[in-house]
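In what follows, a structure is listed as structure tokens, so that the remarks can point back to it.
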Amino acid sequence: MILDKDLASIQEVRDLLAASKKAQQQLATFPQEKINDICHAIANACYENREKLAKMAHEETGFGIWQDKVVKNTFGSKIVFEKIKHMKTIGILSENTEEGIMEVAVPLGVVAGLIPSTNPTSTVMYKTLISVKAGNGIVFSPHPNALKSILETINIINAAIATAGGPAGLVSCMTKATMQGTAELMKHTDTAVILATGGSAMVKAAYSSGTPAIGVGPGNGPAFIERTANIPQAVKHILDSKTFDNGTICASEQSIIVEEVSKAAVIAELKKQGAHFLSVAEAKQLEKFIMRANGTMNPLIVGKSVQRIADLAGLTVPQSARVLIAEETNVGPKAPYSREKLAPILAFYTTATWEAACALSMEILHQEGAGHTMIIHSEDKNVIREFALHKPVSRLLVNTPGALGGIGATTNLMPALTLGCGAVGGSSTSDNIGPANLFNIRRVAYGKRELEDLRGEPVSTEATSQEQLINTLIEKVLERLH
Ligand SMILES: CC(=O)SCCNC(=O)CCNC(=O)[C@H](O)C(C)(C)COP(=O)(O)OP(=O)(O)OC[C@H]1O[C@@H](n2cnc3c(N)ncnc32)[C@H](O)[C@@H]1OP(=O)(O)O
18 MILDKDLASI QEVRDLLAAS KKAQQQLATF PQEKINDICH AIANACYENR EKLAKMAHEE
78 TGFGIWQDKV VKNTFGSKIV FEKIKHMKTI GILSENTEEG IMEVAVPLGV VAGLIPSTNP
138 TSTVMYKTLI SVKAGNGIVF SPHPNALKSI LETINIINAA IATAGGPAGL VSCMTKATMQ
198 GTAELMKHTD TAVILATGGS AMVKAAYSSG TPAIGVGPGN GPAFIERTAN IPQAVKHILD
258 SKTFDNGTIC ASEQSIIVEE VSKAAVIAEL KKQGAHFLSV AEAKQLEKFI MRANGTMNPL
318 IVGKSVQRIA DLAGLTVPQS ARVLIAEETN VGPKAPYSRE KLAPILAFYT TATWEAACAL
378 SMEILHQEGA GHTMIIHSED KNVIREFALH KPVSRLLVNT PGALGGIGAT TNLMPALTLG
438 CGAVGGSSTS DNIGPANLFN IRRVAYGKRE LEDLRGEPVS TEATSQEQLI NTLIEKVLER
498 LH
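Residue numbers (our numbering): 18 to 499.
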């Protein structure tokens, strides 16, 4: 039975889509410079409000650390804009007269943006910028637990668009997060593409809607500290990453793999830098809180501090503990430490050789996180190349923190908060999603060959056949005269 509130939500979505479509059609007539100016205004306004929005998101969701969310908002606004500001996304992209090919950018239309509760405000900023830059409108479906901060971000964006002379209604958001409204948004004919970031169920619903969708898959990246690694630096990178916003970024490390030969040194360094190794009994106790009964990640641990997690599990850990680590030997759905934990909790595995670490990483990723990200700390180029050849990931990060490297903050990947996971991860792309994923290319192609060329025959054009006809006639007249 459809309730009145659901009907109202469906109607709201239809109205928002109609308004965004109209505004997008106007935006599509703007030159590149004007669209760049609008994006600049959006990025500036979001950046100016980064602290307020970070605090709101933290307060509303209870996830993460507001100071780190300020960094995420800076990333979603300023850093994304810096990367895309010179990109050509409107009108003629290229012209190759020799090849006879001209490329024209064609906006997709209206994007449906699904926003997760883990990175709500920063993801709205980022998705708006990459959509508008490519000449599109966007209508957001907010995660219900982050509705207020998402709506406030969109208010700020809309004020900036108006100031920059952009069309009203281009960017909007459902004011109530209902499943019926979100389903309507995903399957409506005015929705050109879905940008789905969030839980697996939501991403699956996007792929099943019948509308083209670009979705993420779950992360579960192991970090392999190979024997040639700079151990203090590797440990610093892992802890910086896993504690950033209390582990809410899906590219963050979920386990550490070391070789026997460096195990003692890595454990000593981890302890030195603030990791707390759980005893077997402590690990068993915490294990029960990692997953929900339905086998999905427990929101009670997501984005929480070590102390909050310890309290939840009834553990006493030092105040100085930055992450909780459990030694693990198993991989599988019934081994929660081997799974994705968007929290400062890590599994710790030991293998005899790097080849065994290679096999273990693949086992972990094929269980969960295939197509997403993994991290290697090593100075051995051959080992790094071997890892690159065989791992089922779209991003193999080298000597950098996983969370910040995967999104392109500490690497030169496209700065993005939606990370494609490729075919192996059920995604349509392995890219860090950017404006280039949000326009089509119309190719204008000039004729360069004739059918006879393909058949390997001499080309007979109209001109030569007329010439041949005259020649034949002349030959015949001359024959008669003789
Ligand atoms: C680059 C990056 O880092 S992107 C990171 C993206 N990854 C993630 O967000 C991780 C995956 N997310 C999750 O596993 C979960 O969202 C958690 C664990 C973080 C939070 O769990 P919860 O608070 O229970 O939220 P959950 O996402 O399961 O959704 C709660 C309810 O809201 C619904 N909901 C979620 N999004 C929407 C939406 N856009 N519109 C309508 N309803 C929605 C869900 O369907 C669910 O409904 P149900 O309770 O009837 O099943």
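Built from N, CA and C at the ideal position, the CB exists for glycine as well.
Beta-carbon separation of Glu299 and Thr368 under 9 Å? 9 Å or more divides the Cβ of Glu299 from the Cβ of Thr368.
Can you give me the start and stop residues for the beta strand (DSSP E) that Ala240 sits inside? Boundaries of the beta strand (DSSP E) harbouring Ala240: 238-242, taken from the DSSP string.
Return helix, strand or coil for His389, following the three-state DSSP convention. His389: strand per DSSP, three-state reduction.
Please report the Cβ distance between Phe157 and Ile167, rounded to the nearest whole angstrom; I am assuming they are in contact, meaning their Cβ atoms lie under 8 Å. About 7 Å separates the beta carbons of Phe157 and Ile167, which is inside the 8 Å limit, making them a contact pair.
Compute the minimum distance between the beta carbon of Ile500 and the heavy atoms of ligand 1, and state whether it is under 8 Å. No information on residue 500 is available, as it lies outside the stretch 18 to 499 that the chain covers here.
Residues near Lys95 in its chain [Cβ-Cβ closer than 7 Å; skip 5 each side]: Cβ within range, chain order: Ala60, Tyr64.
Report the three-state DSSP secondary structure of Gly451 (helix, strand or coil). In this structure, Gly451 counts as coil in the three-state DSSP scheme.
Going by DSSP, what residue range makes up the alpha helix (DSSP H) through Ile401? 398-407 is the span of the alpha helix (DSSP H), which, as asked, contains Ile401.
Would you identify the three-state DSSP class for Leu434, choosing helix, strand or coil? DSSP places Leu434 in coil when its eight states are reduced to three.
Comparing C-alpha positions only, which one of Glu169, Ile381, Leu202 sits nearest to Lys38? Among Glu169, Ile381, Leu202, the Cα nearest to that of Lys38 is on Leu202.
When you compare only the Cα positions, how much space is there between Phe456 and Lys301? Between Phe456 and Lys301, the C-alpha separation is close to 49 Å.
Quick check: does the Cβ of Leu421 come within less than 8 Å of any heavy atom belonging to ligand 1? False, no ligand heavy atom lies under 8 Å from that Cβ.
If you measure between the beta carbons of Ala343 and Ile362, is that distance less than 9 Å? Yes; because the gap between Cβ atoms is below 9 Å, this pair is in contact.
Helix, strand or coil for Met379 per DSSP? DSSP places Met379 in helix when its eight states are reduced to three.
For a test of your reading of the model: does the CB of Ser217 fall under 8 Å from any non-hydrogen atom of ligand 1? Yes or no. Yes - ligand 1 has a heavy atom lying nearer than 8 Å to the Cβ of Ser217.
Would you kindly check if the distance between the Cβ of His394 and the Cβ of Pro335 is under 9 Å? No, the Cβ-Cβ distance between Pro335 and His394 is not below 9 Å.
Assuming Ala240 contacts Ile424 under a Cβ cut-off of 8 Å, what Cβ separation, rounded to an integer in Å, is found between them? Under the criterion of beta carbons closer than 8 Å, Ala240 and Ile424 do not qualify as touching, at roughly 16 Å.
As assigned by DSSP and simplified to three states, the class of Ala360: Of the three classes helix, strand and coil, the one that applies to Ala360 here is coil, per DSSP.
Same chain only: Cβ atoms within 6 Å of Trp371, ignoring 5 sequence neighbours per side: Here the set comprises Glu243, Val400.
Could you tell me which residues DSSP pairs with Ser189 in its beta bridges? Ser189 is bridged to Val156.
Opposing strand residues paired with Gly331 [DSSP bridges]: Bridge partners of Gly331: none, in fact.
Give me the Cβ distance between Thr208 and Thr192, rounded to the nearest whole Å; I'm assuming they're in contact under 8 Å. Contact check for Thr208 and Thr192: beta-carbon distance about 18 Å, past the 8 Å limit, so the pair fails to qualify.
For ligand 1, is there any heavy atom lying closer than 8 Å to the beta carbon of Ser134? Here the distance from the Cβ of Ser134 to the nearest heavy atom of ligand 1 is below 8 Å.
Counting C-beta neighbours from all protein chains within 10 Å, is the total for Val494 16 or more, i.e. buried, or is it exposed? It counts as exposed.
Could you name the residues of the same chain whose beta carbon sits closer than 8 Å to that of Val323, not counting the 5 residues immediately before and after it, in chain order? Cβ contact annotation for Val323 (same chain, cutoff 8 Å, sequence separation greater than five): His293, Val334, Ala338, Arg339, Val340, Leu341, Pro361, in chain order.
How far does the alpha helix (DSSP H) with Thr180 in it extend, from its first residue to its last? Residues 164-180.
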